[in-house]
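>
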Amino acid sequence: MRAHVERLFPALQADLERLVRIPSVSAAAFDQAHVAASADAVAALLRDAGLPDVRVLRSARPDGTPGAPAVVARRPAPEGAPTVLLYAHHDVQPPGDAAGWATDPFEPVQVGERLYGRGAADDKAGLVAHVGALRTLAALADGNGEDLPIGITVFVEGEEESGSPSFRQFLADHRELLAADVIVVADSTNWKVGVPALTTSLRGLVDGVVEVEVLGHAVHSGMFGGPVLDANTVLARLIATLHDDAGNVAVAGLVSGPEPEVDYDEADFRADSSVLDGVALAGEGTIAGRLWTKPALSVIGIDATSVAHASNTIAARAAAKLSLRIPPGQEPQAAEDALRAHLEAHAPFGARVTWHPGEQGRSFHAAEDSAAMRAARSAFAAAWGTDPVDIGVGGSIPFIADLLEFFPDAAVLVTGVEDPDSRAHGADESVHLGELRKVVLAEALLLRQVADLDG
Numbered sequence: 001m002r003a004h005v006e007r008l009f010p011a012l013q014a015d016l017e018r019l020v021r022i023p024s025v026s027a028a029a030f031d032q033a034h035v036a037a038s039a040d041a042v043a044a045l046l047r048d049a050g051l052p053d054v055r056v057l058r059s060a061r062p063d064g065t066p067g068a069p070a071v072v073a074r075r076p077a078p079e080g081a082p083t084v085l086l087y088a089h090h091d092v093q094p095p096g097d098a099a100g101w102a103t104d105p106f107e108p109v110q111v112g113e114r115l116y117g118r119g120a121a122d123d124k125a126g127l128v129a130h131v132g133a134l135r136t137l138a139a140l141a142d143g144n145g146e147d148l149p150i151g152i153t154v155f156v157e158g159e160e161e162s163g164s165p166s167f168r169q170f171l172a173d174h175r176e177l178l179a180a181d182v183i184v185v186a187d188s189t190n191w192k193v194g195v196p197a198l199t200t201s202l203r204g205l206v207d208g209v210v211e212v213e214v215l216g217h218a219v220h221s222g223m224f225g226g227p228v229l230d231a232n233t234v235l236a237r238l239i240a241t242l243h244d245d246a247g248n249v250a251v252a253g254l255v256s257g258p259e260p261e262v263d264y265d266e267a268d269f270r271a272d273s274s275v276l277d278g279v280a281l282a283g284e285g286t287i288a289g290r291l292w293t294k295p296a297l298s299v300i301g302i303d304a305t306s307v308a309h310a311s312n313t314i315a316a317r318a319a320a321k322l323s324l325r326i327p328p329g330q331e332p333q334a335a336e337d338a339l340r341a342h343l344e345a346h347a348p349f350g351a352r353v354t355w356h357p358g359e360q361g362r363s364f365h366a367a368e369d370s371a372a373m374r375a376a377r378s379a380f381a382a383a384w385g386t387d388p389v390d391i392g393v394g395g396s397i398p399f400i401a402d403l404l405e406f407f408p409d410a411a412v413l414v415t416g417v418e419d420p421d422s423r424a425h426g427a428d429e430s431v432h433l434g435e436l437r438k439v440v441l442a443e444a445l446l447l448r449q450v451a452d453l454d455g
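So the sequence shown is residues 1 to 455, counted in full-length UniProt numbering.
And the structure:
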């Protein structure tokens, strides 16, 4: 099987490069014709992989507008055999400032063992891993005359990077098409190059905008400054209450989980995250715990007068977008209620504080000793030659909770093609091609084992 992967890999890499050249940014400000073109390219790949039923489908978003195109491809299971659903997404994050990239974001470039480009890792490599596993199994079947005795469904979403607004409706509309016994979500990361990982927990998400108001309108800073603090200062003081002096989140009512069994070496974390020399890490406890099993609260945007447009006035209003990650064990609404209560209780100088809710996403915690998980560990160990690490991930994949709600008896496996230097969502995103080979092999081995699962 490893030899088949090696033989097939140059064509797989070429397929990945063609996908990266399609700027399939699902954010509303970008041309959605590229997302449609990407869906068509994905459909062609899945037909080529031997799946007879391939459809490009859309469902409505909550506001009634059509969602981005998703691709569903199927080969139904023989009577009594299990079905595996393979998930990936073909949309990508905006490229950001092109000056931050060493190469054109949408022109794939190989440097050593890494392929650079937006979506090269997140998550077009996940899709290519599915295609590669199917091609590998088809090549194996040609050699022994036996098709894999399981059902295969591939579901490639088109708006994951925009919050999956039509995901729940898509599940409701196409429940029968997507029903499966095992679901493989190829949208996470490995421990490091050379060491695979299975993601067993993901933090949930709450975000929103906090707005502070101190005046009915802006006023002259010389005539009125002193008795009245500007809204920017008041907002800064409010934000400062969200963490204690050690950098721990200081919002009452947020929960933390137990410390993980493995830790993240501080030197590796500093290198992977590009923390500047001399900057102390925030919070207490292990680094892995701070990433996976404790809440994290970040200011990800501020509305205030820019320096370039500043005048000698006291700002009447300022606002900040907050992103709160919550560990398994807390419901998003309870976390949002706690955050809102904290902001309102800590309003500096009686400023008017208003919370504008945004998105919510539930956390995920996998059953760590299921038959599917044991099969995955075996497949990963064989592909890499070393046992996989069970990890948490500080990020969120809220739709996994939706999958489990619609398919409660399915075993969900969260895998990935990224490594700590993949820089998903950032400039110079890349995938390690040697690791991608191993992911293809591991998934092919896993699919071959699924037919023998006993629960």
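Where is the CB? At the ideal position from N, CA and C, for every residue including glycine.
#1: Excluding the five sequence neighbours on either side, which residues of its own chain have a C-beta within less than 6 Å of the C-beta of Gly-100, listed in chain order?
#2: Using the beta-carbon count (16 or more within 10 Å), is Ser-26 buried or exposed?
#3: Using only the alpha-carbon positions, how far apart do Leu-177 and Arg-55 sit?
#4: If distances are taken between C-alpha atoms only, which option among Pro-78, Pro-295, His-365 and Glu-157 comes closest to Gly-67?
#5: Express the C-alpha separation of Arg-352 and residue 463 in angstroms, rounding to a whole number.
#6: Just mark Asn-190 as buried or exposed, buried being the case when its beta carbon has 16 or more other beta carbons within 10 Å.
#7: Since Ser-188 sits in a beta bridge, which residues does DSSP pair it with?
#8: Determine the burial state of Gln-333: buried for a count of at least 16 other Cβ atoms within 10 Å of its Cβ, exposed for fewer.
#9: Is it right to say Ala-383 is buried, meaning 16 or more other beta carbons lie within 10 angstroms of its own, or is it exposed?
#10: Around the Cβ of Val-266, are there at least 16 other Cβ atoms within 10 angstroms (buried) or fewer (exposed)?
#11: Please state whether the Cβ-Cβ distance between His-174 and Val-154 is less than 7 Å.
#12: Shortest alpha-carbon distance to Ile-22 belongs to which of Leu-8, Val-42, Ala-11 and Arg-74?
#13: Does DSSP put Gly-455 in a helix, in a strand, or in coil?
#14: Using C-beta distances below 7 Å, list every residue in its chain close to Trp-355, excluding the 5 sequence neighbours before and after it, in chain order.
#15: Would you tell me roughly how many angstroms separate the C-alpha atoms of Phe-9 and His-309, rounded to the nearest one?
#16: Could you name the residues that DSSP lists as bridge partners for Asp-390?
#17: Do Gly-126 and Ala-197 have their C-beta atoms closer together than 7 Å?
#18: Which of the three DSSP states is assigned to Lys-124 in this structure?
#19: Less than 7 Å between the beta carbons of Arg-74 and Asp-53, yes or no?
#20: Could you pull out every unbroken beta strand (DSSP E) segment of at least 3 residues lying fully inside the stretch 343-369, listed in chain order?
#21: For Gly-455, which residues of its own chain have a beta-carbon under 6 Å away from its beta-carbon, when the five flanking residues on both sides are left out?
#22: Just confirm the distance between the C-beta atoms of Ala-366 and Gln-449, as a whole number of angstroms; I'd bet it's less than 8 Å.
#23: Where does Ser-59 sit, in a helix, a strand or coil, going by DSSP?
#24: Can you give me the start and stop residues for the beta strand (DSSP E) that Phe-106 sits inside?
#25: Which ranges would you report for the alpha helix (DSSP H) in the stretch 276-347 if only whole runs of at least 4 residues count?
#26: Considering only residues of the same chain and omitting the five flanking positions on each side of Thr-241, which have a CB-CB separation below 8 Å?
#27: Within 10 Å of its beta-carbon, does Leu-436 have 16 or more other beta-carbons around it, so buried, or fewer, so exposed?
#28: With DSSP as the reference, label Val-214 as helix, strand or coil.
#29: Pro-227 by DSSP, collapsed to three states: which one?
#30: Over what stretch of residues does the alpha helix (DSSP H) that includes Arg-377 continue unbroken?
#31: Does the Cβ-Cβ distance between Glu-113 and Gly-385 come in under 7 Å?
#32: Closer than 7 Å by C-beta to Thr-305: which residues in its own chain qualify, once you throw out the five before and the five after it? Chain order, please.
#33: Can you list, in chain order, the residues of its chain whose CB lies under 6 Å from that of Ser-164, leaving out five sequence neighbours each side?
#34: Apart from the five residues on each side of it in sequence, which residues of its chain come closer than 7 Å, Cβ to Cβ, to Asp-419?
#35: Is the beta carbon of Tyr-264 less than 7 Å from the beta carbon of Ala-288?
#36: Could you name the residues of the same chain whose beta carbon sits closer than 7 Å to that of Glu-159, not counting the 5 residues immediately before and after it, in chain order?
On the basis of the coordinates in this document:
#1: Numbered from its first residue, the sequence shown carries residue 100 at position 100. Taken in chain order, the residues that qualify are Ala-427.
#2: As a working note, residue 26 is residue 26 in the sequence shown. Its Cβ being crowded by 16 or more others within 10 Å, Ser-26 is buried.
#3: Reading the sequence shown from its first residue, position 177 is the one you call residue 177. Reading the sequence shown from its first residue, position 55 is the one you call residue 55. Their Cα atoms are separated by approximately 10 Å.
#4: Numbered from 1 along the sequence shown, position 67 holds the residue referred to as residue 67. Nearest option by C-alpha distance: Glu-157.
#5: An answer regarding residue 463 cannot be provided, because it is not within the stretch 1 to 455 covered by the chain.
#6: By 1-based counting over the sequence shown, the position of residue 190 is 190. Asn-190 is buried by the Cβ-count criterion.
#7: By 1-based counting over the sequence shown, the position of residue 188 is 188. According to DSSP, which records beta bridges pairwise, Ser-188 is partnered with Gly-416.
#8: Position 333 of the sequence shown, counted from the start, is the residue given in the question as residue 333. Exposed, because fewer than 16 other Cβ atoms sit within 10 Å of the Cβ of Gln-333.
#9: In the sequence shown, residue 383 corresponds to position 383, counting from 1. Buried, by the Cβ-count rule.
#10: Your numbering for residue 266 matches position 266 in the sequence shown. For the sequence presented, residue 266 should be read as Glu rather than Val. Exposed.
#11: In the sequence shown, the residue the question calls residue 174 occupies position 174. In the sequence shown, the residue the question calls residue 154 occupies position 154. Cβ distance not < 7 Å, so His-174 and Val-154 don't count as in contact.
#12: Stepping through the sequence shown from its first residue, residue 22 is reached at position 22. Of the candidates Leu-8, Val-42, Ala-11 and Arg-74, the one whose C-alpha sits nearest the C-alpha of Ile-22 is Val-42.
#13: Mapped onto the sequence shown, residue 455 falls at position 455. With a pLDDT of only 45 at Gly-455, under the threshold of 50, the placement of this residue in the model should not be trusted; the figure read from the coordinates follows. Coil, per DSSP.
#14: Residue numbering aside, residue 355 sits at position 355 when the sequence shown is read from its first letter. Gly-208, Val-210, Arg-340 and Leu-343, listed in sequence order.
#15: On the sequence shown, position 9 is the one that residue 9 refers to. On the sequence shown, position 309 is the one that residue 309 refers to. Going by the C-alpha atoms only, they are around 53 Å apart.
#16: Sequence index remark: in the sequence shown, residue 390 carries index 390 (1-based). In DSSP, Asp-390 forms a bridge with Leu-198.
#17: Looking up residue 126 in the sequence shown gives position 126. Looking up residue 197 in the sequence shown gives position 197. No, Cβ-Cβ distance for Gly-126 and Ala-197 is not below 7 Å.
#18: In the sequence shown, residue 124 corresponds to position 124, counting from 1. If DSSP states are grouped into helix, strand and coil, Lys-124 belongs with the helices.
#19: Within the sequence shown, numbered from 1, the residue matching residue 74 stands at position 74. Within the sequence shown, numbered from 1, the residue matching residue 53 stands at position 53. For Arg-74 and Asp-53, yes; Cβs fall inside 7 Å.
#20: 352-361
#21: Start at 1 with the first residue of the sequence shown, and residue 455 comes out as number 455. Because Gly-455 sits at a pLDDT of 45, beneath the cut-off of 50, its placement in the model cannot be relied upon, and the point is left open.
#22: Against the sequence shown, residue 366 aligns to sequence position 366. Against the sequence shown, residue 449 aligns to sequence position 449. With a Cβ gap of about 17 Å, Ala-366 and Gln-449 do not count as contacting.
#23: The count along the sequence shown starts at 1 and reaches residue 59 at position 59. It is coil, neither helix nor strand.
#24: Position 106 of the sequence shown, counted from the start, is the residue given in the question as residue 106. Element bounds for Phe-106: n/a, residue is neither H nor E.
#25: 287-292 and 332-345
#26: On the sequence shown, position 241 is the one that residue 241 refers to. The answer, listed in chain order, is Ala-250, His-342 and His-346.
#27: Residue numbering aside, residue 436 sits at position 436 when the sequence shown is read from its first letter. With 16 or more other Cβ atoms within 10 Å, it is buried.
#28: Here residue 214 corresponds to residue number 214 of the sequence shown, with the count starting at 1. Coil, per DSSP.
#29: Mapped onto the sequence shown, residue 227 falls at position 227. In this structure, Pro-227 counts as coil in the three-state DSSP scheme.
#30: Here residue 377 corresponds to residue number 377 of the sequence shown, with the count starting at 1. Start and end: 371-384.
#31: The sequence position of residue 113 within the sequence shown is 113, counting from 1. The sequence position of residue 385 within the sequence shown is 385, counting from 1. In this structure, Gly-385 does not lie closer than 7 Å to Glu-113 by Cβ.
#32: Here residue 305 refers to the residue found at position 305 when the sequence shown is read from its first residue. If we look at Thr-305 and ignore the five residues flanking it on each side, its Cβ neighbours are Ala-315.
#33: Along the sequence shown, one-based indexing puts residue 164 at 164. Excluding sequence neighbours, Ser-164 sits near Phe-399.
#34: Position 419 of the sequence shown, counting from 1, holds the residue named residue 419. Only Thr-189, Asn-190, Lys-192, Val-193, His-432 and Glu-435 meet the Cβ criterion.
#35: For this step, residue 264 is matched to residue 264 along the sequence shown. For this step, residue 288 is matched to residue 288 along the sequence shown. Their beta carbons are under 7 Å apart, which means Tyr-264 touches Ala-288 by this criterion.
#36: In the sequence shown, the residue the question calls residue 159 occupies position 159. Contacts found: Ser-26, Gly-67, Ala-68, Asp-91, Pro-165 and Ser-166.
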